[in-house]
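Worksheet for the structure shown next.
There are 2 protein chains.
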Amino acid sequence: MTATTHPAAGDGRPTLRQVAELAGVSIKTASRALNGDAHVRDVTSTRVHAAADQLGFRLNGLARELRRGGRAASVGLVIGDLANPFYSRIARGAEQVLRGHGLQLVTCSTNEDAATERALTASLVQQRVRALLVVPTTEDSAHLADEQRHGMPVVCLDRRPVGAEIDSIVLDNRRGAVAAAEHLLRAGHRRIGLVGDFSRLSTHRERVAGFGEALRAAGIAEWQRHVRGDSHDEASAELITHQLLSLREPPTALFTTNNRNTVGALRALRSLGPAAPRPALVGFDDFALADVLGITVVAHEPEDMGRLGADLALARAEGTGPDGVRSLVLPTRLVARGSGEVPPP
Amino acid sequence: MTATTHPAAGDGRPTLRQVAELAGVSIKTASRALNGDAHVRDVTSTRVHAAADQLGFRLNGLARELRRGGRAASVGLVIGDLANPFYSRIARGAEQVLRGHGLQLVTCSTNEDAATERALTASLVQQRVRALLVVPTTEDSAHLADEQRHGMPVVCLDRRPVGAEIDSIVLDNRRGAVAAAEHLLRAGHRRIGLVGDFSRLSTHRERVAGFGEALRAAGIAEWQRHVRGDSHDEASAELITHQLLSLREPPTALFTTNNRNTVGALRALRSLGPAAPRPALVGFDDFALADVLGITVVAHEPEDMGRLGADLALARAEGTGPDGVRSLVLPTRLVARGSGEVPPP
DNA sequence: CTGAAAGCGCTAACAC
DNA sequence: GTGTTAGCGCTTTCAG
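From first to last, the protein sequence lines are chains A and B.
Quick note: the first sequence uses the numbering used here, first residue 1, plus one each step.
Quick note: the second sequence uses the numbering used here, first residue 346, plus one each step.
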């Protein structure tokens, strides 16, 4: 009595055993042949491959990886929204590196929700991804530190993990913001509005800090008057822009601190009509058609962040990473295209 | 002699056995408790959970899925380029559906290369994803049909599989193109240029067919004179636009058949300078800032394609799919924003 | 060069 | 309610 439990036969796929039987060899020889092991006679190998092709055999990666150490052939990427070009470019960069290692990328969008982030990372850990690339939603990265402590390599992208010793790759937000502010100051602006992201994000805080630094250095003590935060989508950026421009003394220039806020601001400016005076504009993050629209931006390469993040994460996974916590800071560059060079009226 | 082979101890993660030992129960009871099985006394369950938390235990998904039928808790998505918003919106839609089923999305970019597509799908099959969502690169979908024959659910998105009985979800390309062409004809244009994608793609062919249909119906026999193809990136679209506009009798209107070609054309138009006569423009695919730029487009919802594709693929995976091959065609709608309503000079 | 046996971590079946 | 046993499909000893 074989007592064969048939929980669900994979899919209709044959197993290595069936290939071995058809080829008239042991299961181990079949394995060796299909894995390109040198210690197999050519004739044998050929026969095994023929049998495999005939049956439509594919190694079961789950079984293989389980036996080889219980880790999946993939890496997890946890981001805010896959459809935001900033994130999808990070994903693209990571994917490139992973492909070179025969690994695949599992992408998850958090919608910037902390609970979702925790659920997704837990799920990825359960799936035993080789490493975790995370754009953390909140400043509470304790759960990431936890996973790391239990052996899961974690690299934070774009935003710094707070209160946790975790590798990170972020932009030089402060200097990028300084460059943007100085650019506008140089054009003669003294009242500059800032349309910012969620205040809890390190990116936002660093960009505001750089902005304030540059304005204070220019003798503008009341720089905070036109600083707004907590706009993470185009609609709210549009609204905030309208509000700023409706002030008694409206800003003559705007610094929008992410790509969605820049788009929202552009939408607000357009709705003013062609006659209205246009404030100067500099945006953080480059975006599609910024060149066509002539928008001056603080540009950087999200792909690099993804690539470097994947490199570092894989090094950690293989135990070849650097000692101590690594914190990379990537440069930005100001690209002048017209909108930031307009003088005040 | 226990002969314990230690190929690589997962990561540093404890196993279910260790949790069971610490809790003083059998491994099966531990399994039941952690899986929320009803047949466990509350006290026992609590003790098991406490032990699990203490050890930082996470079920090994690989082992679980292997035992439960050899399929991974994920679905593969094979697309041209993750960083193209059209594709990333598809991914977003698919992800939403999968999350509802506790599954994750493995995204792979082919760069529109046929060999890469084959390699990636093979790799996903080996990884035993539950289903495959593919935007096929070529018209040779034989390898996809193969996988399907061996039990892997496959759904083609955006482009029709050729010579293979595979489910697909595509846009109503013909009618979208007809709408675009008629819109331009209505504005008075008779010489309309088309900047198209790779000729091998069903999307391209259907869009050209609809375009030709509308122009012929308007009595324009020589409609093919200004039709160009094989432009899949912004740079080549820009070049082709320049060439079209440099003809002795240049088109007075343009139909760009995908988002990248529209952007390329816009770049070309901008470089003409503000004084030059602007051809009218209608683009296939909506895109960010099209509203701000006032570009008339044939719009549709890529997220829907991803969602419906995931729904169908999962239904197939669970054996609850419809009989026969399913071929869904999603509608498009023309959004007039100015660029398509300009009359000829 | 080839094979037999053991077991990765988990769950299904069937006892008790 | 709980435990025992077998085995998912593969690779890794170790023996020939």
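We put the beta carbon where it would ideally sit given N, CA and C, even for glycine.
For A:Val297, there is no enclosing alpha helix (DSSP H); the enclosing beta strand (DSSP E) covers residues Thr296 to Ala299. The CB of B:Leu611 comes closer than 8 Å to the CB of Leu289 and Val292 in chain A, given here in chain order. Following the DSSP letters along the chain, one finds A:Gln104 inside the beta strand (DSSP E) bounded by residues Gln104 to Ser109. Here DSSP, grouped into helix, strand and coil, assigns B:Ala395 to helix.
A:Arg89 is the residue among A:Gly151, A:Gln127 and A:Arg89 whose C-alpha sits nearest the C-alpha of A:Leu308. Listed in chain order, the non-local C-beta contacts of A:Glu182 below 6 Å within the same chain comprise Ala214, local neighbours out to five positions each way being set aside. Only those residues of the stretch 88-118 of chain A whose C-beta falls short of 7 Å from the nearest C-beta of chain B are listed: Ser88, Arg89, Ala91, Arg92, Glu95, Gln104, Leu105, Val106, Thr107, Cys108 and Ser109.
For B:Val627, the secondary structure class from DSSP, reduced to helix, strand or coil, is strand. In this structure, B:Ala428 and A:Arg92 form a Cβ contact; the two beta carbons are roughly 4 Å apart against a cut-off of 8 Å. A:Val97 and A:Val135 do not touch by the CB rule: their CB atoms are close to 17 Å apart, not below 8 Å. DSSP places A:Val97 inside the alpha helix (DSSP H), whose first and last residues are Pro85 to Gly100. In the three-state DSSP reduction, B:Ser376 falls in the helix class (H, G or I). Shown here for A:Gly102: same chain residues with a beta carbon closer than 8 Å to its own, the five before and five after excluded, namely Ala73 in chain order.
Closer than 8 Å to the CB of B:Pro430 there is at least one CB belonging to chain A.
For A:Gln126, a Cβ of chain B is located within less than 8 Å of the residue's own Cβ.
Your pair A:Val292 and B:Arg612 checks out as a contact, with CB atoms roughly 6 Å apart and the cut at 8 Å. Boundaries cannot be given for B:Leu546, as no alpha helix (DSSP H) includes it and DSSP labels it neither H nor E. DSSP, reduced to helix, strand and coil, places B:Arg505 outside both helices and strands of the structure shown, so it counts as coil. With fewer than 16 other CB atoms across the displayed protein chains lying within 10 angstroms of its CB, B:Asn456 is exposed. Sixteen is the threshold: when 16 or more other Cβ atoms of the shown chains lie within 10 Å of the Cβ of B:Glu583, as they do, the residue is buried. Using a Cβ-Cβ cut-off of 7 Å, B:Leu407 is close to Leu62, Glu65, Leu66, Gly70, Ala72 and Arg128 of chain A, given in chain order. Interface annotation, A:Arg270: in contact with chain B, CB-CB separation under 8 Å. For B:Leu427, the closest Cβ of chain A is nearer than 8 Å. With a 10 Å radius around the Cβ and a threshold of 16 neighbouring Cβ atoms, B:Asn603 comes out buried. Residues are counted here when their Cβ sits less than 9 Å from a Cβ of chain A; for the stretch 479-496 of chain B these are Asp491, Glu492, Arg494, His495 and Gly496, given in chain order. When only Cα atoms are considered, A:Ser109 and A:Ala23 end up about 46 Å apart. Looking at the DSSP output, A:Asp167 sits in a beta bridge with A:Val155. Taking a 10 Å sphere around the C-beta of A:Ser26, we find fewer than 16 other C-beta atoms and assign the residue as exposed. As DSSP reads the structure, B:Leu617 sits in no beta bridge.
With a contact defined as Cβ atoms closer than 8 Å, A:Pro343 and A:Ala164 miss out at about 45 Å.
Listed by position along chain B, the residues whose Cβ is nearer than 9 Å to that of A:Ser123 are Gly406, Ala418, Gly447 and Gln449. Here A:Leu133 is actually not in contact with A:Ala253; their C-beta atoms are around 36 Å apart, not less than 8 Å.
Under the Cβ criterion of 8 Å, B:Gly574 is not counted among the residues facing chain A. For B:Arg531, the secondary structure class from DSSP, reduced to helix, strand or coil, is helix. For the stretch 590-612 of chain B, residues whose beta-carbon sits nearer than 8 Å to a beta-carbon of chain A comprise Val608, Leu611 and Arg612. Residues of chain B with a Cβ closer than 8 Å to the Cβ of A:Gly12 are, in chain order, His495 and Gly496.
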